[in-house]
Every structure is written in C-alpha cells, then in structure tokens.
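Following: one structure in structure tokens, then a few remarks.
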Amino acid sequence: MLFNQVSKPQGDAVFIHVHVPRTGGTSLRRLFERTFGAESFIFNYNGEIETATPEQRDRCRLISGHIPYGVDRYFSKPCHYITATRDPIARYQSLYAEFLTNSNSRLHHAAVRYGIDDFLRFCIYSDDAYTLHQLGNLQCRLISGSNDFETAKAFIDSKYLLACPLPELDLMVAMLAEVAGAGAVGAVERVNWSALRLEGLPSRLVLSDASLDLLFEHDSGDFHLHSYVQQAFRKVAETWVPDGVPDGAPDAAPTRAVAAPVPPRPDPEEQTIPPSELRFMGEADADFMGMALSLADQVRTMLPREIGDDFELLDVGCGYGRLAYGLRARDYPGRYTGFDCLPRQIDWLNRNFGNRDTYRFHHLDLVNERYNPTGRPLADVSLPMAEQSSDCLVALSVFTHMYEHEVVQYFRRLKTLIRDGGLFIATFFRLPPGFALGAKYPQAVYELTKRVSENAFIASEDQPLWVIAFREAFLLKLFAREGFEVVLQRKGKWLSGENAMGLQDWFMLRKKPSPGSDTVRFTPVAIGVEPGTCPICGSTAFGPGPGGRLAANGSNPRCLQCDSLERHRSIRTMVHGLPIGLLNGRHALLIGSGAWIEPGWFRSIDRLDLERPEDLAERLAALPDGSCDFVVLDHVLEFVSDDRAAFAALRRVLSGRGILLITFANSAQSDRTVDFAEPTGAYARRHAYGADLPRHFDLKGHRMRMLAVSVEDPGTGVRETAHLFFSDQAAFHQVRRVLGATSATGADGSE
C-alpha cells in the first residue's frame with residue numbers, strides 16, 4: 002500500500018475508485034461527492050469514461066465504478082488507485098439480499114426460489130456468465146485482473162494508494178480528504194438499502210456450515226485478500242498522523258484506533274505487583290507496569306470510545322493480572338472479571354489487588370497440557386459469568402497454547418458469554434496462505450518444526466504448547482461458523498515483519514446478533530384487512546410517497562384517502578395485537594404524525610406540536626413528572642442534536658406504568674449508532690440509529706426495557722419496526738408474551 006506520511010501525492014491527480022459490488026459504494030460515493038464536488042466526479046458504471054469529453058476528463062478528480070484495474074490509461078495526469086474490500090460472507094449475504102428484495106434485478110426470481118444456501122450453489126455452478134461473475138474471487142479480479150490472491154496482494158502493495166477494509170470507511174475518507182486537500186469531511190452517512198428491505202428477517206441471511214465451507218473453497222482468494230487488507234490498512238492507520246495534529250495528540254478520526262504511546266514506567270516500589278516467582282513471563286519488576294499499560298492500551302483502543310461503569314470485560318487466562326493492572330492504571334471505568342487455571346496467581350490477586358467491587362478474579366481448574374495437566378475438561382467446569390453477560394471478552398496468549406480441537410471447544414463455549422454485538426479480542430500465531438514447513442522466513446522469531454493436526458504447527462516437540470500456530474483459513478472459518486465477523490486485525494512480527502505490530506497476531510471480532518434476539522417479528526391474527534388494503538381507512542388506492550419515493554419493494558406507499566405511510570399502517574396493525582385493555586384508562590401524548598391513532602383507545606389524549614424537533618426537551622419541560630401513560634414519538638429524535646437529553650425528558654414525563662412508542666428512520670442498519678456533527682443526508686438527520694439503542698439511550702440507568710417489533714404493512718407488504726420502551730416490567734413481559742416473542746430478548750442495556 003503506497004499511502005504513507007513521507008511521500009503523499011502532490012498536485013492535480015485523479016483518484017480511481019475500484020468499486021467492488023456490495024462494499025459500501027453508495028456511502029462512499031456520497032462522501033466522495035461531498036469531498037471533491039459533483040462536477041469533478043465521474044460515475045463509470047456503464048462505460049461513461051469512454052464517452053467523456055477531454056474537458057470532463059481534465060476536470061475529473063475522482064472516478065468510481067465496477068471497473069477493473071487499468072482505467073488510468075484514459076488520463077494524462079497522475080492517477081492513484083483506491084478500493085475497499087469486504088468480508089466475502091457479508092458481501093455474499095448483501096448480494097443475496099439485493100437480488101431477493103429488488104424485483105428489477107436479473108436474479109430476483111432465482112433468489113426467491115432458492116433461498117440463500119441453494120442460491121449460492123446456483124451462482125457457483127451456473128452456465129450464465131453474469132451469474133458466475135457475482136462470485137469467483139470477484140474482489141481479486143477487479144483489483145488486479147486475476148482471481149489469484151498473491152497477484153491481488155502484489156497489486157495492493159505496489160499499485161494502490163490505499164485499500165480499506167469495511168467497516169473502516171470513515172478513516173479511509175479522512176485520509177483521502179487530507180491527501181486531496183479537502184479538509185475535514187465528517188463521518189460517513191451509512192446507506193444500506195438491503196438492510197432496510199430485510200428488516201425483521203435476519204434468518205433469511207443465515208448460511209449453513211456446508212455453505213460456508215463451499216464459499217470458502219470457491220472464494221478463498223477473496224477471503225485471504227480481505228484479511229491481508231485488514232492487516233495492511235491497520236498498519237497504515239496506526240502510523241498515520243493527520244495534518245496539523247502533533248504526535249501524541251488526541252485521536253482526530255472517529256473510527257481510528259491509534260497506536261498507544263510508549264507507556265511510562267512507574268516506580269515498582271510504589272506498586273503492589275505480583276512477586277517474581279508468580280510472573281512466568283519473566284519480566285523485571287521495573288518492566289511490569291510498562292508491559293501492563295501496553296496491553297491495556299492495545300485493548301482499550303479496540304473498545305467503544307464511551308463506556309460506562311456497567312461495561313463488562315471478561316479476561317480469559319488472566320494469569321497474574323497484567324491486563325487488570327494496566328486497565329486500572331488507565332482508569333478503565335467498567336467492570337473486570339478474570340479467570341485462569343493457575344491457583345497461586347489467582348489467590349495472590351484476590352488477596353493483594355484490591356478494587357474488589359469492580360475487579361474480580363476466579364480460579365477454574367481447567368485442564369491445559371502445559372499449565373495444568375491434571376485439571377478438568379472445559380465441559381465439566383462452571384464459568385464465572387452468565388450467558389450473554391459480557392460486552393467484551395479478551396483472550397491474550399491463550400489460544401497460542403492450545404491444540405486445534407481445544408480452540409474450537411473454547412470458542413463454542415465462550416461465545417455464549419458474549420452479548421449480541423459484543424467484542425471478542427484474541428491473539429494467535431496465524432500462518433499466511435501458502436505456508437509450508439521448511440519454507441524460509443528470515444525474520445521469524447519462532448521456527449515451526451512439526452505439524453500436529455490438520456491446521457496446527459508447533460515449534461518444539463518437547464514442549465508442544467510452548468508455541469502453536471494455525472493456518473489463517475482455519476481461523477477465518479472458525480470465526481464465521483461460530484457467528485463472529487472480523488472487524489480489525491493487527492499483524493504480529495513472530496513470522497515476518499511485513500505490516501507487523503507487536504509479536505502475536507491480534508483479532509478483534511464482533512458477535513453477530515442471533516436471528517430474532519432483538520426483534521419481535523409480529524404476525525397478527527386476522528383483522529379483516531386484505532393485502533393491499535389500508536387498515537386505517539380501508540382504501541385500496543395508493544400513490545407515491547413524499548418526494549415521489551416508493552416503498553422498499555417498489556410499491557406505492559401513501560394511502561390516497563388518509564395519507565398514511567408504511568409505518569403508520571404497521572403500527573396500527575401492531576396495536577390490534579396488543580393485550581386487551583392495555584391502553585384503556587391511559588393518558589396519551591402524541592408527538593409528531595398520528596395517522597394511526599384512535600383517540601377512543603385512551604382515557605384522554607393530548608398532542609404536542611413542534612415547530613422544530615430541537616424544541617422537544619424544552620416543550621416537555623412544561624409537563625409534570627409522570628403525567629403521561631403512553632407517549633408516541635414519530636420520526637423526531639433523529640433530528641434532535643442532543644437526543645439523549647430529549648429521551649431523558651421523555652422518561653421524566655412517563656408514569657410508572659408508562660409506555661413510550663418511538664419510530665426511527667431506517668434503524669438498526671448497523672451495530673452502532675452514528676452521531677453526525679451537522680445535519681446529514683437528504684433528510685438532514687443528526688443520528689443514524691443502530692442496534693445499540695439500549696446502550697445509546699442508557700435504558701439501564703432509566704430503568705426501562707425495550708422491544709423492537711417488526712410488523713408487515715398490509716398496504717405494501719413491507720415490514721416496519723416500532724420500538725416500545727417500558728417503565729413497567731410487568732407490561733413489558735405481558736406485551737412480549739402476547740406479541741409472540743417467546744424466543745426474543747427484550748433489551749434493557751444489561752440483559
């Protein structure tokens with residue numbers, strides 16, 4: 002990768018964006034237009050560059066399209082290639098979602114007919130060139146013209162200014178904007194039409210293990226290429242210093258995890274540190290805190306920027322507490338739990354570490370051939386945390402001392418402890434594609450001498466678990482099968498120095514939400530409404546929505562009689578499924594549109610009209626505490642700059658048995674909410690809400706529970722999601738049960 006601090010492109014140049022399909026192109030194009038200006042941008046999705054005039058080519062600063070390497074031949078000025086790669090599993094799922102939900106696509110009928118597993122085989126074994134083109138190492142082919150990983154890797158290294166792995170688009174654009182002299186451009190406005198179309202139907206995108214194996218086999222080059230781009234980009238990102246920001250200054254890019262500065266070395270006499278006989282890594286007293294701080298800094302840069310005192314971190318194989326010491330010294334605000342199979346170290350920590358309210362250590366008699374050969378199997382040992390209780394699980398230098406089958410067993414057991422959307426930070430000795438015993442690695446710290454299982458190699462036959470390394474393909478398959486996506490990688494230098502940072506290979510994984518874990522997919526009982534009929538007024542006449550828009554499935558969304566849209570009719574349908582009598586006797590407050598509301602459902606109802614969404618908290622301040630039993634907020638919060646303060650104001654006016662019903666625009670398209678510094682996008686929103694609403698609005702602090710209810714609009718057949726927030730636990734459980742959420746989990750921020 003050619004991007005570096007010393008040699009940046011200068012003067013007038015063209016940036017060529019090789020846009021691999023389903024890699025965030027819509028989001029990037031919007032930012033590119035904002036950065037370079039629409040007049041200096043060429044979309045080349047249908048051969049536009051060939052018909053462009055000399056003046057258009059001369060004015061061009063950026064060209065983007067599903068174009069392979071080689072477009073630079075159309076320009077006389079310097080050209081710089083850029084691209085983005087994506088995890089092939091996520092790319093295929095997005096590809097299938099597009100074909101499934103877009104009735105105008107060439108493969109729509111096949112996607113509907115086959116389902117995601119059989120559609121994969123349909124694409125792989127097709128005789129049709131267009132269908133075959135969708136997969137088959139497409140990322141390698143577009144980037145280099147070859148489906149070979151090594152060729153594509155060489156192109157990334159020698160011909161591309163920058164290659165970015167999803168989801169690090171914000172950082173990529175910040176780096177490119179600096180190179181282009183465009184200044185600060187802000188965060189990426191994420192656009193994910195497929196997620197909107199499939200809202201409430203995550204099970205449609207789940208691949209079987211057999212299909213995962215087939216995809217790995219068929220697109221192995223793309224898997225290794227994306228992994229390599231993650232490693233190379235992380236090295237570039239963590240050595241990049243934005244213009245005007247001195248070394249050591251606070252991080253300026255919203256998604257950048259900067260390399261930690263060299264930590265200070267506190268006087269060991271001022272620290273109660275474990276005695277040397279317990280420190281099996283052998284560091285000197287004077288070095289202990291420096292190493293502890295270094296570990297903590299690396300972990301901390303991978304955690305969310307803002308974490309509270311309810312954040313739960315589980316340290317697997319905590320040893321003698323190096324990470325715990327570092328986190329405490331860095332004022333980590335959350336809770337920490339560590340466990341290990343070494344009784345003396347854990348006993349010492351429990352007697353000497355302190356901070357017992359927030360730091361806990363447990364001894365588990367787990368078998369390990371190197372450290373505890375007489376221990377018990379993992380299946381026979383109770384773990385110190387409940388299922389779905391950890392926000393982040395850390396395993397440093399743990400899997401580097403386990404056999405292949407043990408790694409699989411631990412992943413399957415430990416993943417149950419992590420909340421959906423939670424993080425798993427682990428280190429390995431990872432072997433690159435093409436590794437073979439006897440190959441020369443001049444910079445290797447350890448020389449591997451024997452293969453001990455299909456994917457594992459050791460450096461010492463006398464001490465097989467001193468160092469054990471695993472093939473990259475095995476690790477990537479394991480992560481995918483167990484429901485994790487690789488968010489970030491840091492390459493270690495143990496085998497080679499290329500793109501290396503530290504000794505071991507670091508992986509930051511995110512646990513994918515289980516289908517149905519956050520959303521109630523409500524299918525109502527018969528309410529006498531035929532498909533294509535408005536449940537509010539009974540009309541069958543529909544037209545385009547505001548601004549001429551159509552529904553996600555291409556149908557007309559607006560009822561021509563009552564002006565209701567998809568969300569209004571979906572909520573009306575949901576209300577028919579609520580427990581009988583739930584709304585009777587309640588005083589309601591309506592904020593925003595209320596086309597679905599029937600005043601007779603409530604004891605009384607008031608309307609709060611807003612001239613500006615920003616006035617919400619101020620207007621609510623005039624209402625007494627606990628004065629409303631049911632509050633409806635329709636597409637308002639995403640336009641309020643301080644939405645958390647507005648939510649707190651809503652909670653204040655809600656009674657002890659209150660229910661808050663909120664509709665958000667295009668919520669849960671990503672794991673995390675993005676807050677924009679300025680109004681963004683066609684509708685000038687201040688927030689793009691993600692699946693982290695319980696934490697974003699601090700539901701635990703507000704003592705509230707949430708249900709996300711996905712309901713089909715009878716008028717269009719499109720699903721919309723409404724969010725119900727409860728101050729009354731009994732009402733939460735009652736509604737959850739009646740709406741059919743027997744396998745769902747209501748969220749309160751802590752589970």
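Yeah, the sequence shown ends on 752 if you go by my numbering, and it's all consecutive.
Just so it is clear, CB atoms sit at the ideal spot from N, CA and C, and this is done for glycine as well.
Residues of its chain near residue i, where Cβ-Cβ distance is below 8 Å and the 5 sequence neighbours each way are ignored
| i | result |
| --- | --- |
| ASP463 | none |
| LYS478 | LEU213, ASP214 and PHE217 |
| LYS512 | LYS416, ILE419, ARG420, ASP421, GLY422, GLY423, LEU424, PHE425, GLY484 and PHE485 |
| LEU15 | Rather than Leu, the amino acid found at residue 15 in this sequence is Val. For VAL15, where only same-chain residues beyond five positions count, the Cβ hits under 8 Å are CYS61, ARG62, LEU63, ILE64, ASP73, PHE76, LYS78, PRO79, CYS80 and HIS81. |
| MET386 | GLU313, LEU315, THR338 and LEU418 |
| VAL230 | THR86, ILE157, ALA164, CYS165 and PRO166 |
Straight-line gap, residue i to residue j (C-alpha atoms, nearest Å)
| i | j | result |
| --- | --- | --- |
| MET575 | LEU170 | 37 Å |
| ASP310 | ALA325 | 15 Å |
| PRO545 | ALA589 | 31 Å |
| MET502 | SER95 | 32 Å |
| ILE606 | GLY555 | 36 Å |
| GLY26 | ALA287 | 50 Å |
| PRO275 | VAL395 | 21 Å |
| ILE782 | VAL19 | As displayed, the chain neither begins before 2 nor continues past 752, which places residue 782 out of reach and without an answer. |
| PRO344 | PHE430 | 26 Å |
| PRO715 | ASP564 | 15 Å |
| CYS494 | GLN299 | Correcting the residue type first, residue 494 is Lys in the shown sequence and not Cys. Roughly 16 Å separates the two Cα atoms. |
| ALA238 | SER127 | 40 Å |
| ALA753 | ILE347 | Nothing in the structure corresponds to residue 753, since the chain is present only between 2 and 752. |
| ARG645 | PRO334 | 20 Å |
| ARG142 | ILE117 | 23 Å |
| ILE537 | LEU740 | 20 Å |
| GLU615 | ALA647 | 9 Å |
| ASN148 | LEU638 | 46 Å |
| LEU177 | GLY682 | 21 Å |
| ILE68 | TYR46 | 7 Å |
| GLU407 | TYR447 | 22 Å |
| THR534 | ARG550 | 19 Å |
| GLY355 | LEU365 | 20 Å |
| GLU567 | GLU49 | 37 Å |
| LEU108 | GLU619 | 51 Å |
Cross-strand partners of residue i (DSSP beta bridge)
| i | result |
| --- | --- |
| PRO334 | In the DSSP output, where bridge partners are listed per residue, PRO334 has none listed. |
| LYS451 | ILE459 |
| TRP507 | THR428 and ARG491 |
| LEU512 | As written in the sequence, residue 512 is Lys, which differs from the Leu given in the question. PHE485. |
| TYR321 | According to DSSP, TYR321 bridges with nothing at all. |
| HIS688 | ASP676 |
| ASN373 | ASN369 |
| ILE117 | In the DSSP output, where bridge partners are listed per residue, ILE117 has none listed. |
| PRO166 | THR86 |
Cβ-Cβ distance between residue i and residue j below 8 Å
| i | j | result |
| --- | --- | --- |
| LEU584 | PHE603 | yes |
| THR302 | ARG336 | no |
| ALA437 | THR450 | no |
| LEU496 | TYR442 | yes |
| HIS636 | ALA666 | yes |
| PRO293 | GLY320 | Residue 293 is actually Ala in this sequence, not Pro. No, these two residues do not count as a Cβ contact at 8 Å. |
| PHE640 | ARG687 | yes |
| ASP1 | GLN140 | Residue 1 is absent from the model: the chain starts at 2 and stops at 752. |
| PHE471 | ASN456 | yes |
| LEU609 | GLY627 | no |
| ILE592 | LEU579 | no |
| GLY146 | TYR70 | yes |
| TYR372 | ILE469 | no |
| HIS703 | ARG737 | no |
Same chain, Cβ closer than 7 Å to residue i, neighbours up to 5 away in sequence not counted
| i | result |
| --- | --- |
| GLU370 | LEU466 |
| LEU379 | LEU367, GLN410, TYR411 and ARG414 |
| PRO525 | The pLDDT assigned to PRO525 is 48, lower than 50, so where the model puts this residue is not dependable, and the model offers no usable value. |
Residue i: CB within 7 Å of a non-hydrogen atom of the ligand ADP
| i | result |
| --- | --- |
| HIS588 | The ligand ADP is not among the ligands present in this structure, which contains no ligands whatsoever. |
Chain-order list of residues whose beta-carbon lies under 6 Å from that of residue i (same chain, five-residue window excluded)
| i | result |
| --- | --- |
| GLY586 | ARG604 |
| LEU350 | GLY322 and PHE362 |
| VAL1 | Since the first and last residues shown for the chain are 2 and 752, residue 1 lies out of range. |
| ASN353 | THR273 |
Q: Flag this pair as touching only if the segment 70-78 and the segment 91-105 have three or more C-beta atom pairs under 8 Å; answer yes or no.
A: no
(Q) With three or more C-beta pairs closer than 8 Å as the rule, is the segment 720-727 touching the segment 655-666? (A) yes
Q. If you pair each beta-carbon of the segment 531-544 with each one of the segment 555-568, do three or more pairs fall below 8 Å?
A. yes
Q.
Whether or not the segment 431-438 and the segment 391-407 are in contact is what I'm after, with contact meaning three or more pairs of Cβ atoms, one per stretch, closer than 8 Å; do they touch?
A. no
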